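Accompanying notes for the structure given below.
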Amino acid sequence: MVIIDSVHFYRPFWLCMRVLVPTFFKESRSLQAGPIQLYVAALHILVTLWFPLHLLLHLLLHPSAAELVKNLSMSITCLACSLKHVAHLYHLPEIVEIESLIGQLDTFVSSEQEHRYYQDHVHCHAKRFTRCLYISFGMVYVLFLLGIFVQIINGNWELIYPAYFPFDLERNQWMAASALGYQVISMLVEGFQGLGNDTYTPLTLCLLSGHLHLWSIRMAQLGFLEDETASNHQRLLEYIEQHKLLVRFHSLVAQTVSPVQLFQLGGCGATLCITVTYVLFFVGDTISLVYYLVFFGVVCMQLFPSCYFASEVAEEVESLPYAIFSSRWYDQSREHRFDLLVFTQLTLGSRGRVIKAGGLIELNLNAFFATLKMAYSLFAVVVRVKGI
């Protein structure tokens, strides 16, 4: 059978982290610690902090309606991206533990039915999601760099997004070119942050739901594949230990994705509304139109997978007691039945455990549709104001 290795899906995430926070890794801390720490500090001050801030400060300068909408869209996106990145940095130790738990749970996959489910569902969904995410990010940044290239060829050194700088860009072409270069580099760094942000939560929820279902398959088969009751009881104790790992896995996931998804829901709802408004009222050229349409799809891509896989996790948690009851418990020893009864009561008590964004909003498909409704409501307000 094929060796199960779910951890390899996290390689792009850790590649982004190595670019953004190399100080977290031991091999980087041991080599030239001073320059690396300076690099990390400069990167997060100039990009994570200042980039969304210099966009938001421009709103205080009373820009035109087109500049206001364009600036507000990117300001909210970059602010949410920075906040999600900071939340991930804070929870990096927990993410390392989650990866370790996934590696342990992979080793428990043994039967042909489990391998088939893993390949057809878990591996397939994770691969499909990550591939779509990488393609969408690639399309956005290809169009972005194409637009920058065309702008520079035409000798136009205007900023990509209207923003505040403490010097006059109109009188000094060198300063204007430097400001443009700063925004281009910052957008590329934001791309690494966004890729790391948008990879972790859906992928982790996908693997969590998959391992919950794989455990249910093993539990439901208990007693049907073994003839010796003593070995069945020992296998039950092993499954209880595996369930402890799943509970820890679920707890860590809820802890790490909670603040990230709160920023995600709020940021995506506002960004979708503003993006549609800008496209309908202010976009005139084809490249910008294609860019913002792809950007709209990427924003939806950021939100939908997390909500979808969170719904799957909730369904798998609800079905755990049924998997236990489906095992061949009725002709086992008294000790086996007693342990299984207590274990079933424990799983019934955890059925209401759900993953919430910010501890307030239950993360599922209802949250996704609620975000779209919020975006539409905001858009309707903008259209009415525009009509007035």
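Taking full-length UniProt numbering, I'd label the letters of the sequence shown as residues 1 to 388.
Note that the Cβ used here is the ideal one computed from N, Cα and C, for glycine as well.
Being a predicted model, the structure only gives us computed values, none of them experimental.
Euclidean distance between Cα positions of residue i and residue j
{"i": "L214", "j": "G191", "result": "34 Å"}
{"i": "Q264", "j": "A367", "result": "11 Å"}
{"i": "R11", "j": "S64", "result": "43 Å"}
{"i": "L60", "j": "A357", "result": "31 Å"}
{"i": "V19", "j": "S311", "result": "32 Å"}
{"i": "W14", "j": "G196", "result": "8 Å"}
{"i": "V150", "j": "I160", "result": "12 Å"}
{"i": "F25", "j": "S100", "result": "16 Å"}
{"i": "Y330", "j": "R337", "result": "7 Å"}
{"i": "M139", "j": "V354", "result": "34 Å"}
{"i": "I135", "j": "R334", "result": "56 Å"}
{"i": "C81", "j": "I324", "result": "41 Å"}
{"i": "R131", "j": "C300", "result": "15 Å"}
{"i": "L207", "j": "A176", "result": "47 Å"}
{"i": "L55", "j": "P162", "result": "7 Å"}
{"i": "H58", "j": "I185", "result": "19 Å"}
{"i": "S327", "j": "L212", "result": "16 Å"}
Assigned secondary structure, residue i (DSSP; H/G/I helix, E/B strand, else coil)
{"i": "E170", "result": "coil"}
{"i": "I4", "result": "coil"}
{"i": "I355", "result": "coil"}
{"i": "I388", "result": "Bear in mind that a pLDDT of 47 at I388, under 50, signals an unreliable position, so the model cannot answer this."}
Outcome for residue i when other beta-carbon atoms lying within 10 angstroms are tallied against a minimum of 16
{"i": "S231", "result": "exposed"}
{"i": "R384", "result": "exposed"}
{"i": "I4", "result": "buried"}
{"i": "Q261", "result": "buried"}
{"i": "R171", "result": "exposed"}
{"i": "R218", "result": "buried"}
{"i": "G181", "result": "exposed"}
{"i": "K84", "result": "buried"}
{"i": "G223", "result": "buried"}
{"i": "F343", "result": "buried"}
{"i": "C16", "result": "buried"}
{"i": "T107", "result": "exposed"}
{"i": "V96", "result": "exposed"}
{"i": "Y118", "result": "buried"}
Contact test: residue i Cβ vs the ligand GTP heavy atom, cutoff 7 Å
{"i": "A375", "result": "The ligand GTP is not part of the structure shown, which contains no ligands of any sort."}
Starting from the N-terminal side, write out each stretch of the alpha helix (DSSP H) that is 4 residues or longer and does not extend beyond the segment 122-173.
-> The segment 122-173 contains these whole alpha helix (DSSP H) runs: 124-153.
Three or more beta-carbon pairs under 8 Å between the segment 59-75 and the segment 236-255, yes or no?
-> Judged by Cβ distances under 8 Å, the segment 59-75 makes no contact with the segment 236-255, as fewer than three pairs qualify.
What are the uninterrupted segments assigned as alpha helix (DSSP H) that are 4 or more residues long and contained completely in the segment 266-330, given in chain order?
-> Runs of the alpha helix (DSSP H) lying entirely within the segment 266-330 and spanning at least 4 residues, in chain order: 286-325.
Is there contact here, the segment 126-141 with the segment 243-255, by at least three beta-carbon pairs under 8 Å?
-> Flag = no, the segment 126-141 and the segment 243-255 do not touch.
Touching by the beta-carbon criterion (3+ pairs, under 8 Å), the segment 302-317 and the segment 199-207 | The answer is yes - the segment 199-207 touches the segment 302-317, with three or more Cβ pairs under 8 Å.
Identify every run of the alpha helix (DSSP H) within the segment 36-111, keeping only runs that are complete inside it and at least 4 residues long; order them along the chain.
-> Qualifying alpha helix (DSSP H) stretches, in chain order: 50-58, 65-90, 92-106.
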